[in-house]
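The next block holds one structure in the form of structure tokens; read it before the comments.
In my numbering, the protein residues as written are 13 to 147.
Laid out in structure tokens, this is it:
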């Protein structure tokens, strides 16, 4: 079994977008998301509304993201990882839409922290300081 901690987060993001490729071929908008725990991607997927409220006179249905758009999306997601600073747990959401045949993407980062971990680190620092001050 492959250990995710040994695979860079950028490579994991690449793997995610390759896995989502077939689904992205059918979508013109939605939100791709990755959930990160211990700097490894766990759960990932796409949120979308399969029923668009369009004017009934608009008969021509759009396809999904083409190969060039998917490559651009994947590269942007990998580049966006450089904005992830100082957290190991959280979620990144990429809202995407195709407008006039151009892909528009925005990213939102959500960091997660656990108060129990903060308290453990605080107790460890306090114990360390107490030990070293007594010496």
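Where is the CB? At the ideal position from N, CA and C, for every residue including glycine.
Bear in mind the structure is a predicted one, so any value in this text is a computation, not a measurement.
Who are the Cβ neighbours of residue 96 in its own chain at under 7 Å, not counting the five residues just before and after it?
Sequence index remark: in the chain shown, residue 96 carries index 84 (1-based). If we look at residue 96 and ignore the five residues flanking it on each side, its Cβ neighbours are 121.
Going by other Cβ atoms of all chains shown within 10 Å of its Cβ, with 16 needed for buried, is residue 36 buried or exposed?
Here residue 36 corresponds to residue number 24 of the chain shown, with the count starting at 1. With 16 or more Cβ atoms within 10 Å of its Cβ, residue 36 is classed as buried.
Drop a sphere of 10 angstroms on the beta-carbon of residue 104, count the other beta-carbons inside from all chains shown, and report buried for 16 or more, exposed for fewer.
Taking the chain shown and counting its residues from 1, one reaches residue 104 at position 92. Buried.
On the DSSP bridge assignment, give the partners of residue 114 in chain order.
For the purposes of this step, residue 114 is taken as the residue at position 102 of the chain shown. Bridge partners of residue 114: 111.
Where residue 106 and residue 129 are concerned, what is the direct C-alpha to C-alpha distance, given to the nearest angstrom?
On the chain shown, position 94 is the one that residue 106 refers to. On the chain shown, position 117 is the one that residue 129 refers to. When rounded, the distance between both Cα atoms is 28 Å.
Please report the straight-line C-alpha distance between residue 29 and residue 126, rounded to a whole angstrom.
The residue given as residue 29 occupies position 17 in the chain shown. The residue given as residue 126 occupies position 114 in the chain shown. When rounded, the distance between both Cα atoms is 29 Å.
Following the continuous alpha helix (DSSP H) through residue 56, name the residue where it begins and the one where it ends.
The count along the chain shown starts at 1 and reaches residue 56 at position 44. Run containing residue 56: none in the alpha helix (DSSP H); it sits in the beta strand (DSSP E), 52 to 59.
Just the Cα atoms here: how many angstroms apart are residue 89 and residue 110?
Walking along the chain shown from the start, residue 89 turns up at place 77. Walking along the chain shown from the start, residue 110 turns up at place 98. About 16 Å.
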